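Some notes on the structure that comes next.
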Amino acid sequence: CCSSMQQVLENLRDMPSGTGAKDIDLIFLRGIMESPIVRSLAKAHERLEEVALQAVRDDNVQLVTEILDALNNLTDKDAAAAELVKILQEPHFKCLIEAHDKVAAKCYETSTLLTLTLFQGVTFRVVRGEMVIARILHGSSIDRQGMLHTGDIIREVNGREVGSDPHVLQELLRDCNGSITLKVLPSYKDTPAPPQVYVKSHFNYNPATDNLIPCKEAGLAFSRGDVIHVVNKEDPNWWQARKVVGGATGLIPSQVLEEKRKAFVRRDWDMSGMLCGTLTGKKKKKKMMYLTTKNAEFDRYELQTYEEVARMPPFQRKTLVLIGAQGVGRRSLKNRLIVVNPLRYGTTVPFTSRRPREEEKDGQNYCFVTREEMEKDIKESRYLEHGEYDGNLYGTKIDSIHEVVAAGRTCILDVNPQALKVLKTAEFMPFVVFIAAPELDTLRAMHKAVVDAGLTTKLLTENDLKKTVDESARIRRAYSHYFDLTIVNDNLDKAFDKLQEAVEQLIIEPQWVPVSWVY
């Protein structure tokens, strides 16, 4: 490239005046060609230009054999020669040389795998020069007829050979009028009836932006939280599925493929590790402890794609779990639900190792036990969560949850989000509601209104409000796959109405729950 530019410059200098070009234009052109910037661009282009690599030789196996013969007499005298012989005789090295020679000599069978072409619910690919049915979309006209199957080889269409170009096959099928006669070599593969699998998606998917999908037109778009009926899982990378609310069948990435894809994305932005630990402020420190250390660190790398679910008739959940940042209004919503319907809702009484005050009664606001007794129960995993504040232990006992449920009421819990790992089981059957913080401006206005109305004497700083918004965002990122419902608390009355309506629907409409709760 640089030599070509030099040739152009020499031609410009030697160009006769009778060419009709203006001298000022030639001077301007030479100035551009001699510019350091243009020369640097030319050098960069020359380096980036693709150059086909050619093997120096394709008989390296024979060459290595000759080298080994020549080194045999030197291995006893020279340590370097002995080491080289050992390396050349390694099985991995031999296989590498053999593979190189086969590629260099092009001694391999070309198996062209082309982009699949969709036609009436069938996709094709070329394997060893033959047109093979790669996939039949569930519910398509071809699938309903049951005449073609995955793996069948298409030889002719109405007496005309198909060849190895899927586009030719598509044109032949499009040009056919009336009946179509196919010459097919069957695969003789019995396909078992597909299992009834339903999954809840934990991510958004748009096939139009997916570079891995074999046929974008066959893709099925879905959103986080959609329940999807998987009708075919034969392909390890691409499942056939449709939404339970209706619509056509399409391709979605399999769980293995999506987990591999997400594993390459580092979640450095996820600060979920700050959700627990030591909470510092102007007041006393409150150190939270959990049964499993470094839970938040594990949560950062938890890959969530699909969750298998099953459809259940309406029933009352055992627990209602309210998750959210500190100061977002969870406790107000919990207390309000219990006041409105005390026969249906209840909550636990926390345990503590501190001494009761004069006006306190055991079992009313706290259950008072000794520190030794509480530490013993903690070691025996009898607490859902526990912490230490001002030298005293506090915690929520699992048995107290069962007592509320045994009384026929739904136990309302406002716990740390890490407790969801224990709660999201058939033992507790929770309905998890995330109470999200509103925008900072809205939260600021809400706090001012509460203070002006005299409903609180606690004044929050701008930094406190911002921490609430940031913590809410971190909880959403790290634990959204546990949530059944998200409510933005920008108005306490409206948030309560939404929460009450949602829990009422649970005893009216069927529910999709984790399959582990059923089987």
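Residue numbers are given in my numbering: position 131 of the sequence shown equals residue 126, and the series is strictly consecutive. All C-beta atoms, glycine included, are put in the ideal place defined by N, C-alpha and C. Only a predicted model underlies this, so the values are computations on that prediction, with no experimental measurement involved.
If one requires a minimum length of 4 residues, the alpha helix (DSSP H) runs lying completely within the segment 310 to 347 are 325 to 335, in chain order. Cα atoms of residue 327 and residue 453: separation of roughly 15 Å, rounded to the nearest angstrom. The beta carbon of residue 127 is closer than 7 Å to those of 119, 120, 146, 148 in its chain, skipping five residues each way along the sequence.
Residue pairing for residue 305: DSSP places it in a beta bridge opposite 508.
The beta-carbon separation of residue 364 and residue 376, rounded to 16 Å, does not stay under the 8 Å limit for a contact. Sorting 233, 196, 223 by C-alpha distance to the C-alpha of residue 211 places 233 at the top.
Residue 514 sits in coil when the DSSP states are folded into three classes, being neither helix nor strand. Apart from sequence neighbours up to five positions away, the residues of its chain that approach residue 318 with a beta-carbon distance below 6 Å are 412, 429, ordered along the chain. The C-alpha of residue 214 is placed about 27 Å away from the C-alpha of residue 158. Residue 36 counts as exposed, since fewer than 16 other beta carbons sit within 10 angstroms of its beta carbon. Runs of alpha helix (DSSP H) with 4 or more residues, each lying fully within the segment 423 to 463, are found at 435 to 447, listed in chain order. Contact check for residue 498 against residue 431 fails: the beta carbons are separated by 8 Å or more. Counting only the Cα atoms, residue 135 lies some 25 Å from residue 156. Residue pairing of residue 248 in beta bridges, as defined by DSSP: 233. Straight across, the Cα-Cα distance linking residue 87 with residue 94 is about 11 Å.
A distance below 8 Å separates the beta carbons of residue 197 and residue 299. Taking the CA atoms as reference points, residue 165 sits about 10 Å from residue 152.
Approximately 25 Å separates the beta-carbon atoms of residue 437 and residue 315; this is outside 8 Å, ruling out the contact. Only residues of its own chain outside the window of five on either side were considered, and among them 435, 438, 439, 442 have a CB closer than 7 Å to the CB of residue 460, listed in chain order. For residue 58, the enclosing alpha helix (DSSP H) has its first and last residue at 55 to 66.
Going by DSSP, residue 396 is part of the alpha helix (DSSP H) stretching over 393 to 401. Its chain contains no residue whose beta carbon lies nearer than 8 Å to that of residue 30 once the 5 sequence neighbours on both sides are disregarded.
Residue environment for residue 235: buried (at least 16 other C-beta atoms within 10 angstroms of its C-beta).
Inter-residue distance for residue 337 and residue 427 is about 20 Å (C-alpha atoms, whole angstroms). Taking C-beta separations shorter than 8 Å and ignoring five residues to either side along the sequence, the partners of residue 324 in its chain run 430, 484, 487, 490, following chain order. At least 8 Å separates the beta-carbon of residue 407 from that of residue 379. Using a Cβ distance threshold of 8 Å, residue 409 and residue 329 count as a contacting pair. DSSP places residue 238 in the strand class (E or B) of the three-state scheme.
In the three-state reduction of the DSSP assignment, residue 129 falls in the strand class, which pools E and B. Exclusion of the five residues before and after residue 506 leaves 307 as the residues of its chain whose Cβ lies within less than 6 Å of its Cβ.
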